[in-house]
Amino acid sequence: MPENLHDIVNETVLEKADNKVSLKFVIPSSSDFFDGHFPEFKLLPAVAQFEIITRFSRKYFGTQRYVPSIKRIKFSAPIRPDSVIRLDLTHNVEKGTVSFTMADFDISEKVYSSGSFCVIDE
Numbered sequence: 001m002p003e004n005l006h007d008i009v010n011e012t013v014l015e016k017a018d019n020k021v022s023l024k025f026v027i028p029s030s031s032d033f034f035d036g037h038f039p040e041f042k043l044l045p046a047v048a049q050f051e052i053i054t055r056f057s058r059k060y061f062g063t064q065r066y067v068p069s070i071k072r073i074k075f076s077a078p079i080r081p082d083s084v085i086r087l088d089l090t091h092n093v094e095k096g097t098v099s100f101t102m103a104d105f106d107i108s109e110k111v112y113s114s115g116s117f118c119v120i121d122e
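Okay, so the sequence shown: first residue is 1 according to UniProt numbering, each after it adds one.
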């Protein structure tokens with residue numbers, strides 16, 4: 001069965017190094033993440049943000065989608081449909097962690113979420 005990409009299929013790599021990647025993508029209003037959350041004022045659920053982050057961690061760093069523990073995570077602002085996102089990921093291989101910042105692409109000070117979690121490399 002193919003992976004459900006939730007209509008987020010348009011990422012652009014802005015920068016890439018061995019252990020860092022910066023991406024730009026849109027979370028379209030057609031994404032099933034917005035279904036029922038909430039009909040009058042659609043918001044991207046926190047669990048959906050984390051799903052996107054772990055998906056790109058796997059794609060660019062080869063980490064598993066299973067996350068044994070979250071070290072810290074902060075959700076700072078709501079994400080609305082059709083938001084243009086900048087996602088910065090850093091993989092610390094020695095510590096076995098990935099740190100992330102998900103922010104508005106045009107307003108970098110507007111951080112939607114940030115944190116770090118433990119990973120298992122595939």
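C-beta: ideal position from N, C-alpha, C; glycine also.
So, helix, strand or coil for R65, using DSSP? For the purposes of this step, residue 65 is taken as residue 65 along the sequence shown, with counting starting at 1. DSSP places R65 in coil when its eight states are reduced to three.
Pull up the distance between the alpha-carbon of R80 and that of L5, whole angstroms please. The residue you call residue 80 lines up with position 80 of the sequence shown. The residue you call residue 5 lines up with position 5 of the sequence shown. Between R80 and L5, the C-alpha separation is close to 18 Å.
Alpha-carbon to alpha-carbon, G36 and L89: In the sequence shown, the residue the question calls residue 89 occupies position 89. In the sequence shown, the residue the question calls residue 36 occupies position 36. Computed Cα separation, rounded: 29 Å.
Per DSSP, cross-strand counterpart(s) of R55: Numbered from its first residue, the sequence shown carries residue 55 at position 55. Note: R55 sits in no beta bridge, so no partner.
Can you look up F75 in the DSSP assignment and give me helix, strand or coil? For the purposes of this step, residue 75 is identified with residue 75 of the sequence shown, where counting begins at 1. It is a strand residue.
Can you tell me whether G115 is buried or exposed? The criterion is at least 16 other CB atoms within 10 Å of its CB, across all chains shown. Position 115 of the sequence shown, counted from the first residue, corresponds to residue 115. Looking at its Cβ environment, which holds 16 or more other Cβ atoms inside 10 Å, G115 is buried.
Which of the three DSSP states is assigned to F105 in this structure? Locating residue 105 in the sequence shown gives position 105, counting from the first residue. The answer is coil: DSSP assigns F105 none of H, G, I, E or B.
Apply the 10 Å Cβ neighbour rule to S119 and answer buried if 16 or more other Cβ atoms are within range, or exposed otherwise. Numbered from 1 along the sequence shown, position 119 holds the residue referred to as residue 119. According to the sequence provided, residue 119 is Val. The question's Ser does not apply to it. Classification for V119: buried.
Using the three-state DSSP reduction, which class does V9 fall into: helix, strand or coil? Mapped onto the sequence shown, residue 9 falls at position 9. Here V9 sits in coil by DSSP.
Please confirm whether S31 and L87 have their CB atoms less than 9 Å apart. Working through the sequence shown from its first residue, we reach residue 31 at position 31. Working through the sequence shown from its first residue, we reach residue 87 at position 87. No; because the gap between Cβ atoms is not below 9 Å, this pair is not in contact.
Sub-9 Å separation of P45 and F56 beta-carbons: Within the sequence shown, the letter at position 45 stands for residue 45. Within the sequence shown, the letter at position 56 stands for residue 56. Contact flag unset, no.
Rank D106, D7, E3, T97 by C-alpha distance to the C-alpha of R72 and give the top, closest one. Taking the first residue of the sequence shown as 1, we reach residue 72 at position 72. It is T97 whose Cα lies nearest to the Cα of R72.
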